[in-house]
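Enquirer: With the numbering used here applied, the sequence shown covers 3 to 590.
Here it is, the structure, as structure tokens.
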Amino acid sequence: MSEPQGAHPPSRTATLLWRLLVRPLPKALVRAGARLLFSKSFRAFERAAADPGATQRERLFDILQRNRDTAFGRAHGFSDIASVKDFQRRVPIRGYDELEPWIQRAVRGEAYVLTTEPVIFFGRTSGTTGAAKYIPVTASYVEEFRRGRRVWARQVAQAFPGLVRGSLLTVHSPRIEGRTDSGIPYGSITVAMGDSDVAATGRRKLFSGLESIPREVFFVEDFEARYYLLLRLAVGVPVSLMAAVNPSTLLLLCRKLTELAPALIPECRDGTLRTDLGISSDLVRSVRSCLRPRPEVAERLERSLSTHGRVRPVDVWPELCGLLCWTGGAAPFFLRQFPDWFEALPVMDYGYAATEGNFSVVMEPGTGGGVISLLGHFLEFVPESERESRDPIALTAQELEPGKRYFVLVTAGNGLCRYDMNDVVEVSGRYRSTPVIRFCHKGQNVTSITGEKLSESQMIEAVTRAQADSGVSLLGFSATVHLEGEMPRYLIAVEPSRPQPDAALRALARACDRRLMDANIEYRAKRESARLGLPLLALVRPGAFDELRRERVAAGAPDAHVKLPHLTPDPALIQRLGLERVLEGDAG
Numbered sequence: 003m004s005e006p007q008g009a010h011p012p013s014r015t016a017t018l019l020w021r022l023l024v025r026p027l028p029k030a031l032v033r034a035g036a037r038l039l040f041s042k043s044f045r046a047f048e049r050a051a052a053d054p055g056a057t058q059r060e061r062l063f064d065i066l067q068r069n070r071d072t073a074f075g076r077a078h079g080f081s082d083i084a085s086v087k088d089f090q091r092r093v094p095i096r097g098y099d100e101l102e103p104w105i106q107r108a109v110r111g112e113a114y115v116l117t118t119e120p121v122i123f124f125g126r127t128s129g130t131t132g133a134a135k136y137i138p139v140t141a142s143y144v145e146e147f148r149r150g151r152r153v154w155a156r157q158v159a160q161a162f163p164g165l166v167r168g169s170l171l172t173v174h175s176p177r178i179e180g181r182t183d184s185g186i187p188y189g190s191i192t193v194a195m196g197d198s199d200v201a202a203t204g205r206r207k208l209f210s211g212l213e214s215i216p217r218e219v220f221f222v223e224d225f226e227a228r229y230y231l232l233l234r235l236a237v238g239v240p241v242s243l244m245a246a247v248n249p250s251t252l253l254l255l256c257r258k259l260t261e262l263a264p265a266l267i268p269e270c271r272d273g274t275l276r277t278d279l280g281i282s283s284d285l286v287r288s289v290r291s292c293l294r295p296r297p298e299v300a301e302r303l304e305r306s307l308s309t310h311g312r313v314r315p316v317d318v319w320p321e322l323c324g325l326l327c328w329t330g331g332a333a334p335f336f337l338r339q340f341p342d343w344f345e346a347l348p349v350m351d352y353g354y355a356a357t358e359g360n361f362s363v364v365m366e367p368g369t370g371g372g373v374i375s376l377l378g379h380f381l382e383f384v385p386e387s388e389r390e391s392r393d394p395i396a397l398t399a400q401e402l403e404p405g406k407r408y409f410v411l412v413t414a415g416n417g418l419c420r421y422d423m424n425d426v427v428e429v430s431g432r433y434r435s436t437p438v439i440r441f442c443h444k445g446q447n448v449t450s451i452t453g454e455k456l457s458e459s460q461m462i463e464a465v466t467r468a469q470a471d472s473g474v475s476l477l478g479f480s481a482t483v484h485l486e487g488e489m490p491r492y493l494i495a496v497e498p499s500r501p502q503p504d505a506a507l508r509a510l511a512r513a514c515d516r517r518l519m520d521a522n523i524e525y526r527a528k529r530e531s532a533r534l535g536l537p538l539l540a541l542v543r544p545g546a547f548d549e550l551r552r553e554r555v556a557a558g559a560p561d562a563h564v565k566l567p568h569l570t571p572d573p574a575l576i577q578r579l580g581l582e583r584v585l586e587g588d589a590g
């Protein structure tokens with residue numbers, strides 16, 4: 003059973019005081035206030051940036067000292083580790099699968115396994131083998147995560163001082179998804195952080211008046227009703243900042259605003275709310291208490307729709323001064339669509355972060371790179387060229403070179419030690435003496451368009467099951483990302499064992515979609531929230547997979563070791579198979 007979690011929006015009195023006292027402040031005063039509020043965090047950040055080596059060594063030994071008496075700490079001799087090199091010799095690099103036996107002991111409620119602190123939450127995210135990953139969360143881990151976020155919040159206020167002129171429009175994940183058998187809650191990491199986005203960075207101090215949407219709206223189970231309520235309320239308030247980790251979510255808000263505009267326009271004009279949403283009477287009363295006739299808002303919606311054929315946020319909310327979202331990895335696909343909705347509004351990246359940690363601090367809009375977050379976790383970096391080595395070199399922050407790419411390892415206060423993120427980052431510069439990094443893509447055999455982190459093993463499982471579901475057998479298949487049109491999706495290139503009618507192939511595409519949702523919880527979430535489209539199915543020329551295999555052998559690959567990828571982030575490889583035609587599963 004899901005249950006609410008996190009702080010509620012500020013009281014009406016606090017909101018009124020915010021509007022009367024904070025919104026009129028000059029921009030220079032807003033910037034100065036943020037600098038004062040986060041002065042301690044920023045001074046520590048600056049000192050760390052000047053000496054990354056010493057800062058990271060201190061972080062490592064703090065983590066080791068606190069966890070030396072755990073089962074994991076004793077097994078790896080934490081008490082005897084005297085240097086970073088000692089640590090690297092004693093503790094092997096591990097992925098989730100190798101750490102899972104230790105983590106499962108904590109899931110079952112066993113204490114002193116990975117941390118001396120109690121595990122207060124598990125961040126639940128997609129695993130590479132189909133089962134969900136459970137990332138432990140402790141109080142010290144939350145603090146590690148937040149150290150860099152406080153500096154980022156300071157920089158958001160420097161970049162967008164106009165944020166105090168209105169409200170924050172975002173999408174929350176405010177529910178605990180469930181509890182382990184031992185009673186420990188689990189769900190999105192944003193719940194453990196006090197909720198997503200600006201929340202975990204000191205919002206109660208700086209941004210407490212920015213939210214106007216009742217938190218209960220985000221508890222509505224029905225997707226359409228939830229977005230209708232969110233936008234019905236949002237159009238009636240002055241939105242100054244739009245924020246979502248994935249840029250696809252911001253585009254979803256834009257598309258829903260356009261789709262719902264014909265219904266929202268008369269309701270804004272009259273101050274009414276539709277009655278067929280299927281929500282509780284208490285929530286209906288709460289929402290209606292926020293509504294009043296707003297003919298000027300109705301006019302803005304109507305004018306934007308008639309002028310542009312869509313409702314643009316910049317037309318609806320004149321106070322809108324900026325956007326917060328990821329800009330690395332697959333984000334450029336979505337960012338290319340932003341001018342159609344937001345004109346030239348500046349975009350500031352959240353920085354490189356995941357359920358497993360917060361790794362960089364972005365300092366200004368328009369840059370995808372962020373300063374390595376030295377005061378949080380202990381980080382190591384494996385050069386790309388070392389990835390397949392039996393004993394790969396692992397570098398620390400001060401050893402990185404501009405222009406080079408690295409895989410990331412994290413050691414944190416949640417007990418994960420030398421945890422392989424399977425993420426590739428590139429060094430794009432320096433801040434003081436500390437490298438600036440940007441996220442490039444997931445590593446081998448994993449793709450991610452909107453944060454779903456789909457693994458090759460999940461794709462293999464899904465397509466294998468889909469063949470049985472649809473009755474269509476294949477001689478070969480390979481999938482890739484498809485970043486064309488407004489909706490991103492996966493493209494699965496297939497070679498059927500015998501000719502198939504289009505209806506059967508479309509059924510195969512739909513079955514692949516269902517099985518991918520079964521295999522990957524985040525893929526399901528992105529599909530259900532309309533951030534990923536139904537997979538496309540592409541027919542390749544007969545014999546294409548055998549031909550590709552022969553090419554690999556001719557190029558020198560041992561015949562017995564040739565492995566054709568079933569999932570690749572590179573669409574060019576799929577194009578080499580010779581696509582004859584593409585079918586949509588929802589057509590016909």
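Virtual Cβ for every residue (Gly too), placed ideally from N, Cα, C.
Using only the alpha-carbon positions, how far apart do Arg287 and Thr277 sit?
Expert: Roughly 11 Å between the two C-alpha positions.
Enquirer: With Ser169 and Ser242 assumed to form a contact (beta carbons below 8 Å), what rounded beta-carbon distance in angstroms separates them?
Expert: Rounded, the Cβ-Cβ distance is 6 Å, consistent with contact.
Enquirer: Restricting to runs no shorter than 3 residues, where is the beta strand (DSSP E) found entirely within the segment 85 to 168?
Expert: The segment 85 to 168 contains these whole beta strand (DSSP E) runs: 123 to 127, 135 to 139.
Enquirer: Which value, in whole angstroms, describes the spacing of the CA atoms of Leu38 and Ser362?
Expert: Between Leu38 and Ser362, the C-alpha separation is close to 22 Å.
Enquirer: For Asn127 and Glu463, which I take to be in contact (beta-carbon distance under 8 Å), what is that distance rounded to the nearest angstrom?
Expert: It should be noted that the sequence gives Thr, not Asn, for residue 127. 18 Å between Cβ atoms; not a contact.
Enquirer: Can you find the residues in the same chain that come closer than 6 Å, C-beta to C-beta, to Gly330, ignoring five residues on each side of it along the sequence?
Expert: Correct list, in chain order: Gly370, Arg440, Phe441.
Enquirer: Under 8 Å between the Cβ atoms of Asn416 and Thr140?
Expert: In contact: Asn416 and Thr140 (Cβ atoms closer than 8 Å).
Enquirer: Starting from His443, follow its DSSP beta bridges and name the residues at the other end.
Expert: Answer by DSSP bridge pairing, in chain order: Val426.
Enquirer: On the three-state DSSP scale, how would you describe Thr449?
Expert: Correct three-state label for Thr449: strand.
Enquirer: Grab the span of the alpha helix (DSSP H) containing Ala509 for me, first residue to last.
Expert: Unbroken alpha helix (DSSP H) run through Ala509: 504 to 521.
Enquirer: With contact counted as at least three CB pairs below 8 Å, one residue from each stretch, are the segment 421 to 432 and the segment 467 to 477 in contact?
Expert: Touching, no.
Enquirer: Would you call the CB atoms of Met461 and Gly535 closer than 8 Å?
Expert: Against a cut-off of 8 Å, the Cβ pair of Gly535 and Met461 comes out as no contact.
Enquirer: Using the rule of at least 16 other Cβ atoms within 10 Å of the residue's Cβ for burial, across every protein chain shown, is Gly311 buried or exposed?
Expert: Gly311 comes out exposed.
Enquirer: Quick check: Pro394 and Pro367, are their CB atoms within less than 8 Å of each other?
Expert: Not a contact, by the Cβ cut-off of 8 Å.
Enquirer: Does Gly75 come out as helix, strand or coil in the three-state DSSP assignment?
Expert: Helix.
Enquirer: According to the neighbour-count rule (16 or more other Cβ atoms, all chains shown, within 10 Å of its Cβ), is Ser457 buried or exposed?
Expert: Flag for Ser457 reads buried.
Enquirer: In whole angstroms, give me the CA-to-CA distance for Ala481 and Gly79.
Expert: C-alpha separation (whole angstroms): 44 Å.
Enquirer: Measure the Cβ-Cβ separation of Val474 and Leu518 and say whether it is below 8 Å.
Expert: Result no, Cβ atoms of Val474 and Leu518 do not sit closer than 8 Å.
Enquirer: Indicate the three-state DSSP secondary structure (helix, strand or coil) for Pro544 in the structure shown.
Expert: Note: Pro544 maps to coil in three-state DSSP.
Enquirer: With Gly478 as the anchor, note down where its beta strand (DSSP E) starts and where it stops.
Expert: Taken as a continuous stretch (DSSP letters only), the beta strand (DSSP E) holding Gly478 covers 476 to 484.
Enquirer: Taking buried to mean at least 16 other C-beta atoms within 10 Å of its own C-beta, is Glu530 buried or exposed?
Expert: Exposed, since its Cβ has fewer than 16 Cβ neighbours within 10 Å.
Enquirer: Could you tell me whether the Cβ atoms of Arg110 and Asp183 are closer together than 8 Å?
Expert: A contact, by the Cβ cut-off of 8 Å.
Enquirer: Would you decide whether Gly545 is buried or exposed? Buried here means 16 or more other CB atoms lie within 10 Å of its CB.
Expert: Exposed, because fewer than 16 other Cβ atoms sit within 10 Å of the Cβ of Gly545.
Enquirer: Assuming Val318 is part of the alpha helix (DSSP H), what are its boundary residues?
Expert: 315 to 318 is the span of the alpha helix (DSSP H), which, as asked, contains Val318.
Enquirer: For Ala113 and Pro120, I'd like the C-alpha separation in whole angstroms.
Expert: Straight-line Cα distance between these residues: approximately 7 Å.
Enquirer: Thinking C-beta only, is Arg177 closer than 8 Å to Gly189?
Expert: Going by C-beta atoms, Gly189 is nearer than 8 Å to Arg177.
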